[in-house]
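Student: Encoded as structure tokens, here's the structure I'll be asking about.
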Amino acid sequence: MADTASPDRVRVLNGAPVCPDADYVLYWMTAQRRPFDNFALDHAVSRARAWDKPLVVLEALRAEYPWASERFHQFVMDGMVDNARAFDSSGVTYVPYVERRPGDGKGLLEALASRACTVVADDYPAFFLPRMVRAAAERLDVRCEAVDGCGLLPVGVADKAFSAAYHFRRFLQRTLAPFLLEAPSTEVPTFPARKVDLQSVFERWPPLDWRSEPSAAGFGASAEVGTTTTRGGWVSARRRLTEFVAEGLPRYRDERNDPDADVPSRLSSYLHFGHISSHEVFRAVAEAEGWSPARIGDRRDGGRQGWWGMSESAESFMDQLVTWRELGFNTAARVEGFERYDSLPEWAKGTLADHAGDPRPFAYDLVEFEEARTHDPLWNAAQRQLTRDGIVHNYLRMLWGKKILEWSPDPRTALEVMIHLNNKYALDGRDPNSYSGIFWVMGRYDRGWPERAVFGKVRSMSSDSTRRKVKLDGYLKRYGDADPQAELSL
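If you use the working numbering, the sequence shown corresponds to residues 19 to 508, in order.
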């Protein structure tokens, strides 16, 4: 199989040599946790076949990382079960490892890498992953290459950060088309049956018993945030994609903001954990639309509609999947400290500072926010959806953030509350795209609006206007207090 990862997607992380006479090629799966549609996996496969070597895939999960919980552990472990089944008869040696106590996995990567021709890792610009992969590469005695599988456009193609979706969309309109012709393999790779003896490694680091449908309980992660009914893994991701394309996509443009309509794709969690690729999502939409690259328009003005050559609903969805999602990855890669308050635009920091002393109409602390104990039933419902299900409806997520900004003692505290609650409970928290939504609340990617108390020139939102714009009866019955009609009358 030819290497599908173009040079734009591959970075060498250390100065160590490749060792073609070693036992196997090692793919360290950290961000793109799937057995196909995966540029890093394809790159590792091409290396293994070029040297006529077996392929070993290590997918590991630490017991301790920021906001670690059984919710996130279970989602990842669901994916491990799917991956193990996919690789089981492929000739690929798959090693799923989950720490039971912090530090149990120390040395595992080095032990596997000591027998590897080369190590291939995922290139991902956010959370603790960049530091972890870079530090690990420096310890290895064999070459380590990082491969970007984050989106349709390789993250490294843009050499600057973009301040607005309009500017980034214009860049995509000039740049993206050739990359749509490059796609990862859609098949699980296969190899001749050759046993890789890892018994000594398994004795020290026993792999996950994936045949037992493992539970996250007992693997060292906090039980404070429990699991949800949403299952992780590529099998569930594909099922959800099929449902969305058939039922949600045709209604997406007109109904995506209505919580009662239930048309959002709900794919962000699977994209975040790498259980599905943006290429697979794009391919499914394109097939449903009967689309080909020849239908791409020639506009280069940054406009949202009319460039893809798809239906209006499909173009609205593609703007979310490509423009907004990949804008977040661009920011994560190009803005140092992108997740910190000081990375906000100067105009936003200035206007928020000017109004930091404004009286707040209501004031709540972190615990009150977390326990959904505000005066606003709609906000409380959104917070309950987050804590119970690990998601918030897309439109209400914006309101959720704007109210935290309005009801916190100062804007820095508001940002801390948003990041903590989102990253603690949201299945797609900790993702560049998730940070985009939070920082949009504070003015990133936006422009100045008429000045108001607390917000200054940062855009504001209100629960009353939201109630007038979208349908909420069913949503409030699911997540509201005992009397949803009383809530609607407020």
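Quick reminder that beta carbons are idealized off the backbone N, C-alpha and C, glycines included.
Every value quoted in this text rests on a predicted model; they were computed, and no experiment measured them.
#1: Just to confirm, is the Cβ distance from V94 to R65 under 8 Å?
#2: Can you tell me the Cα-Cα spacing of N32 and A351, whole angstroms?
#3: If you follow the beta strand (DSSP E) that T208 is part of, which residue opens it and which one closes it?
#4: Write down every uninterrupted run of the alpha helix (DSSP H) in the region 395-445 whose length is 4 residues or greater and which is fully enclosed by it, in chain order.
#5: If we count Cβ pairs, one from each stretch, closer than 8 Å, do we get three or more for the region 105-122 versus the region 469-477?
#6: What residue from S478, R229, R192 and S254 has the CA that sits closest to T369's CA?
#7: For a test of the three-state rule: what should DSSP assign to D26, helix, strand or coil?
#8: How many whole angstroms separate the CB atoms of V113 and V75, which I take to be in contact at a CB cut-off of 8 Å?
#9: Looking only at its chain, what residues have a beta carbon closer than 8 Å to the beta carbon of G321, apart from the 5 residues adjacent to it on each side?
#10: At 4 residues or longer, and completely inside the region 98-133: list those alpha helix (DSSP H) runs for me, N to C.
#11: Per DSSP, which residues does E77 bridge with? Please list them.
#12: With DSSP as the reference, please indicate the residues paired to C7 in a beta bridge.
#13: DSSP on R378, reduced to helix/strand/coil?
#14: In angstroms with no decimal places, state the Cα-to-Cα distance between N348 and V173.
#15: For A306, tell me which candidate among N412, M336 and K495 has the shortest Cα-Cα distance.
#16: Among all the DSSP beta bridges, which residues are the ones paired with S240?
#17: Give a yes or no on whether the C-beta atoms belonging to L490 and P277 are separated by under 8 Å.
#18: Compare the beta carbon distance of A374 and L494 with 8 Å and say whether it is the shorter of the two.
#19: So, does the region 409-419 touch the region 433-448, judging by three or more C-beta pairs under 8 Å?
#20: List the residues that DSSP assigns as beta-bridge partners of Y539.
#21: What does the alpha-carbon distance come out to for the pair R249 and G169?
#22: What do you get for K420, buried or exposed, if any count of 16 or more other CB atoms within 10 angstroms of its CB means buried?
#23: Can you check whether the CB of A154 is closer than 8 Å to the CB of L194?
#24: Looking only at its own chain, which residues have a Cβ that is under 6 Å from the Cβ of P450, when we skip the five neighbours before and after it?
#25: For A40, which of L73, I422 and D26 has the nearest alpha-carbon?
#26: Mapping the DSSP letters down to three states, classify R157 as helix, strand or coil.
#27: Check whether the Cβ atoms of T111 and V214 sit closer than 8 Å, and answer yes or no.
#28: Report the rounded CA-to-CA distance for T77 versus R212, giving the unit in angstroms.
#29: Let's see if you can read the secondary structure: which residues bound the alpha helix (DSSP H) around L198?
#30: Mind checking which residues open and close the alpha helix (DSSP H) that includes E307?
#31: Quick one, are the C-beta atoms of V303 and A332 less than 8 Å apart?
#32: Going by other Cβ atoms of all chains shown within 10 Å of its Cβ, with 16 needed for buried, is V190 buried or exposed?
#33: Can you round the beta-carbon distance between L285 and F262 to whole angstroms, since I take them to be within the 8 Å contact cut?
#34: Go ahead and pull the three-state DSSP assignment for R462.
#35: Determine which residues share a DSSP beta bridge with A474 and list them.
#36: For A504, name the three-state secondary structure that DSSP assigns.
Tutor: Reading from the atomic positions:
#1: Along the sequence shown, one-based indexing puts residue 94 at 76. Along the sequence shown, one-based indexing puts residue 65 at 47. The criterion of a C-beta distance shorter than 8 Å is not satisfied by V94 and R65.
#2: Within the sequence shown, the letter at position 14 stands for residue 32. Within the sequence shown, the letter at position 333 stands for residue 351. Their Cα atoms are separated by approximately 19 Å.
#3: Here residue 208 corresponds to residue number 190 of the sequence shown, with the count starting at 1. Where T208 is concerned, there is no enclosing beta strand (DSSP E), given that its DSSP letter is neither H nor E.
#4: DSSP runs (the alpha helix (DSSP H)) wholly in the region 395-445: 395-407, 412-425 and 429-443.
#5: Verdict: no, contact absent.
#6: As a first step, residue 369 must be located in the sequence shown, where it is residue number 351. Selected option, being the one with the closest Cα: S478.
#7: Along the sequence shown, read from residue 1 onward, the residue named residue 26 stands at position 8. Of the three classes helix, strand and coil, the one that applies to D26 here is helix, per DSSP.
#8: Walking along the sequence shown from the start, residue 113 turns up at place 95. Walking along the sequence shown from the start, residue 75 turns up at place 57. Contact flag correct, Cβ pair sits at about 7 Å.
#9: Within the sequence shown, numbered from 1, the residue matching residue 321 stands at position 303. Counting only Cβ-Cβ distances below 8 Å, and skipping sequence neighbours, we find R187.
#10: If you keep only unbroken alpha helix (DSSP H) runs of at least 4 residues inside the region 98-133, you get 126-131.
#11: The count along the sequence shown starts at 1 and reaches residue 77 at position 59. E77 is bridged to M47 and P114.
#12: The displayed coordinates of the chain run from 19 to 508. Any statement about residue 7 would go beyond what the structure contains.
#13: Along the sequence shown, read from residue 1 onward, the residue named residue 378 stands at position 360. Note: R378 maps to coil in three-state DSSP.
#14: Counting from one through the sequence shown, the residue named residue 348 turns up at place 330. Counting from one through the sequence shown, the residue named residue 173 turns up at place 155. Near 6 Å, if we compare the C-alpha coordinates of V173 and N348.
#15: Numbered from 1 along the sequence shown, position 288 holds the residue referred to as residue 306. Nearest option by C-alpha distance: M336.
#16: For the purposes of this step, residue 240 is taken as the residue at position 222 of the sequence shown. Partner(s): S87.
#17: What you label residue 490 is simply residue 472 of the sequence shown in a count that begins at 1. What you label residue 277 is simply residue 259 of the sequence shown in a count that begins at 1. Yes.
#18: Your numbering for residue 374 matches position 356 in the sequence shown. Your numbering for residue 494 matches position 476 in the sequence shown. Taking 8 Å as the Cβ cut-off, A374 and L494 do not qualify as a contacting pair.
#19: Contact between the region 409-419 and the region 433-448 is present, because at least three Cβ pairs lie under 8 Å.
#20: Since the first residue shown for the chain is 19 and the last is 508, residue 539 is missing from the structure and cannot be characterised.
#21: Position 231 of the sequence shown, counted from the start, is the residue given in the question as residue 249. Position 151 of the sequence shown, counted from the start, is the residue given in the question as residue 169. Each residue's Cα considered, the two are about 23 Å apart.
#22: Here residue 420 is taken as the residue at index 402 of the sequence shown, counted from 1. Under this definition K420 is a buried residue.
#23: For the purposes of this step, residue 194 is taken as the residue at position 176 of the sequence shown. For the purposes of this step, residue 154 is taken as the residue at position 136 of the sequence shown. In this structure, L194 lies away from A154, with their beta-carbon atoms at least 8 Å apart.
#24: Translated into the one-based positions of the sequence shown, residue 450 becomes position 432. The beta carbon of P450 is closer than 6 Å to those of A144, G346, F347 and A350 in its chain, skipping five residues each way along the sequence.
#25: Within the sequence shown, numbered from 1, the residue matching residue 40 stands at position 22. The residue with the shortest Cα to Cα distance from A40 is L73.
#26: Within the sequence shown, numbered from 1, the residue matching residue 157 stands at position 139. If DSSP states are grouped into helix, strand and coil, R157 belongs with the helices.
#27: If you number the sequence shown from 1, residue 111 lands on position 93. If you number the sequence shown from 1, residue 214 lands on position 196. Yes, the Cβ-Cβ distance between T111 and V214 is below 8 Å.
#28: Position 59 of the sequence shown, counting from 1, holds the residue named residue 77. Position 194 of the sequence shown, counting from 1, holds the residue named residue 212. It is Glu, not Thr, that sits at residue 77 in the sequence shown. Those two C-alpha atoms are separated by around 20 Å.
#29: For the purposes of this step, residue 198 is identified with residue 180 of the sequence shown, where counting begins at 1. From DSSP, L198 is part of no alpha helix (DSSP H); its letter is neither H nor E.
#30: Within the sequence shown, numbered from 1, the residue matching residue 307 stands at position 289. Residue range S296 to E307 is occupied by the alpha helix (DSSP H) that includes E307.
#31: Reading the sequence shown from its first residue, position 285 is the one you call residue 303. Reading the sequence shown from its first residue, position 314 is the one you call residue 332. Their beta carbons are under 8 Å apart, which means V303 touches A332 by this criterion.
#32: Locating residue 190 in the sequence shown gives position 172, where the first residue counts as 1. A quick correction: the sequence has Leu, not Val, at residue 190. Burial check for L190: the Cβ neighbour count within 10 Å reaches 16 or more, so the residue is buried.
#33: Numbered from 1 along the sequence shown, position 267 holds the residue referred to as residue 285. Numbered from 1 along the sequence shown, position 244 holds the residue referred to as residue 262. Confirmed, Cβ separation roughly 7 Å.
#34: If you number the sequence shown from 1, residue 462 lands on position 444. The answer is coil: DSSP assigns R462 none of H, G, I, E or B.
#35: Taking the sequence shown and counting its residues from 1, one reaches residue 474 at position 456. As written in the sequence, residue 474 is Gly, which differs from the Ala given in the question. For G474, which the question treats as bridged, DSSP gives the partners R470.
#36: In the sequence shown, the residue the question calls residue 504 occupies position 486. In this prediction, A504 has a pLDDT of 40, which is less than 50 and means its spatial position is unreliable; what the coordinates show is noted afterwards. Of the three classes helix, strand and coil, the one that applies to A504 here is helix, per DSSP.
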